[in-house]
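Counting from 1, position 325 in the sequence shown corresponds to residue 325 in UniProt numbering; the numbering is continuous, with no gaps.
Down below is the structure, laid out as structure tokens.
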Amino acid sequence: MNVANDSAQPDGDVLVPNTLKGYTGRYGDRKANHEESLRLTRALERMVAFDPNAGVLFPGSLVQGKSLPDGVLFPITVVRREQTCTVTGLSGPANTRYSATFVPTASNATAAISEILAQHFNADQPARATYSETNFYSMEQATLKLGASYGWLTGKVDGSFNTANTNAVTRNMVRFVQAYYTVSCEAPSTPIDLFAWNTDYGQLRQYMGPGNPPAFVNSVTYGRELWMLIESQHSEAELNAALKAAANFGAGHMAGSVDNVSKKVLDESSIQVLAIGGSGKHAVKPMTNGAAALTDYLESGANFSIKSPGWPISYTAMYLRDNSIARVSATTDYVIKTSVADPEPAPLTSARVTWTTTGDDKDWDTQAVVDVFDKDGTNVAHVACCSSDKNSDHWTGGAQTRQLTLLRGADNMSLQHGNFRAYRNPHGTDDWDYQATVELFFADGTSKTYSNGGRNTVGQSW
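Right under this line is the structure:
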């Protein structure tokens, strides 16, 4: 299987450089929100058949050039000359016929292709499988990076991809292609070679004009195609590894079963799918039991068979004037929104100290003094405690809790490091054993507690 990993890095021309748009959250949870606007342009030459439009999309079909960018082909209905078309991508015995000559109409093309496919082909006809994925910022950018215009998808399928999971860590768009065969038609030597002797050229002119050059579908690829929008709480690396494991197993490149880790990642992810190639109108649907469902889908379409001949999944067109490939230029503007942690300081709102004595009979003037210092040594809080027993002339064993006076602005960042010092005031003379516990309270609801004990003077650094 061919695997392509389109860079998750933003690409395109910068319209508006990365700009700060504001903040969310407060204090330690604050995030800075940025936006950058870009424009991505790609020239697409293989159109994805999100809507097969069977009446118009067939090998050799003559179409109006103005309809190519939208992906809804408008026919040019005039009498045509026979054209030879050839099937490639299948292998059979030496006498297998791969070409047919027919007047290009939907019914004639279907009959000619069916007749070729009804021959005996070799038993092993593996699909040409490709897998590409990209991390993305908008649906338009995602489809364009994977080779399609989002305009081809919009309105042509039931439902739409929904990126409502705002909590997703990883958001990927994935494209699996299982191509069975391609039918290509010979390009005419001159434009007139496509038309019969009795073509009404007056009628032909009604289908062309400035901005609407005639073109013809020179090749159609048949098979199956799966587009997936995956939103996951797992990392991009984990998701990519799981997808590759499932893709390789489903394509028959691995024996056994998908490993448990990959299965867990896919089963725990939200997956929306759009399958192209099959009966009925295409629709975006959720995929449950992700690992098993994905491998079952890929296994069921790993090989071409007459019972599963595939459907148109992509096509190319040529302009009649010079047989040049019709390229569609698709452009999308998208915005990259990023949020990065940008914490702001939480102010110190209050502080208190609990002074616990371990001795009795201390004179009333042997008072407790407590100072708190920030990381720069600035005194940010202070208290001079008072004895609860001044009148009795002594302070017996016990505890006192006092609020500190905040001296100047401090916050949780300036107090990530600091110290407190507890000591007796200079008037007292008693020796004193005690425990001092300082509590700091901040505006974000957090708090810090520091404690130490000793005789006369104690402190604690952090």
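Backbone N, C-alpha and C fix where the C-beta goes; we use that ideal spot for every residue, glycine too.
All figures in this text were calculated on a predicted structure; none of them were measured in a lab.
Collapsed DSSP secondary structure at residue i in the structure displayed
i, result
"residue 463", "Absent from the model: residue 463. The displayed extent of the chain is 1 to 462, so no value can be given."
"Ala443", "coil"
"Gly459", "strand"
"Leu274", "strand"
"Tyr98", "coil"
"Ala106", "helix"
"Asp13", "strand"
"Leu38", "strand"
"Asp433", "strand"
"Asp322", "coil"
"Ile113", "helix"
"Thr163", "coil"
"Asp411", "strand"
"Val340", "strand"
"Asn303", "strand"
"Ser262", "helix"
"Ser91", "coil"
"Leu294", "helix"
Length of the line joining the Cα atoms of residue i and residue j
i, j, result
"Glu36", "Glu236", "21 Å"
"Ser314", "Pro188", "22 Å"
"Ile306", "Val169", "43 Å"
"Met47", "Ala215", "14 Å"
"Ala351", "Leu404", "5 Å"
"Gln203", "Val79", "10 Å"
"Met228", "Asn33", "28 Å"
"Ala196", "Gln83", "11 Å"
"Ser461", "Val340", "32 Å"
"Val370", "Glu439", "12 Å"
"His120", "Arg42", "41 Å"
"Leu226", "Met173", "11 Å"
"Ala436", "Gly22", "43 Å"
"Lys31", "Asp296", "42 Å"
"Pro347", "Leu15", "39 Å"
"Ile271", "Glu231", "7 Å"
Residues that residue i bridges to, as DSSP identifies them
i, result
"Gly22", "Asn33"
"His382", "Asp371, Thr405"
"Ala422", "Val370, Val458"
"Thr47", "Note on residue identity: the sequence assigns Met, not Thr, to residue 47. Answer is Tyr315."
"Val438", "Val353, Tyr450"
"Arg80", "Phe195"
"Tyr334", "Leu38"
"Ser329", "Ala43"
"Pro347", "Asp411"
"Pro69", "In the DSSP output, where bridge partners are listed per residue, Pro69 has none listed."
"Pro75", "Val63"
Cβ of residue i within 7 Å of any chain C Cβ
i, result
"Arg39", "In summary, chain C is missing from the structure at hand, where a single protein chain is found."
Integer Cβ distance of residue i from residue j, believed to fall under 8 Å
i, j, result
"Leu424", "Ala368", "In the sequence on display, residue 424 carries Arg and not Leu. Confirmed, Cβ separation roughly 7 Å."
"Gly459", "Ala422", "7 Å"
"Ala112", "Ala100", "4 Å"
"Leu144", "Arg175", "With 8 Å as the limit, Leu144 and Arg175 do not qualify as a contact, their Cβ atoms being about 12 Å apart."
Return the chain-ordered ranges of every alpha helix (DSSP H) run that is complete within the segment 120-157 and spans a minimum of 4 residues.
-> The alpha helix (DSSP H) runs lying completely inside the segment 120-157 and spanning 4 residues or more are 139-145, 150-153, given in chain order.
In chain order, each beta strand (DSSP E) run of at least 3 residues that lies wholly inside the segment 166-249 = Within the segment 166-249, complete beta strand (DSSP E) segments of at least 3 residues are found at 170-185, 214-232, given in chain order.
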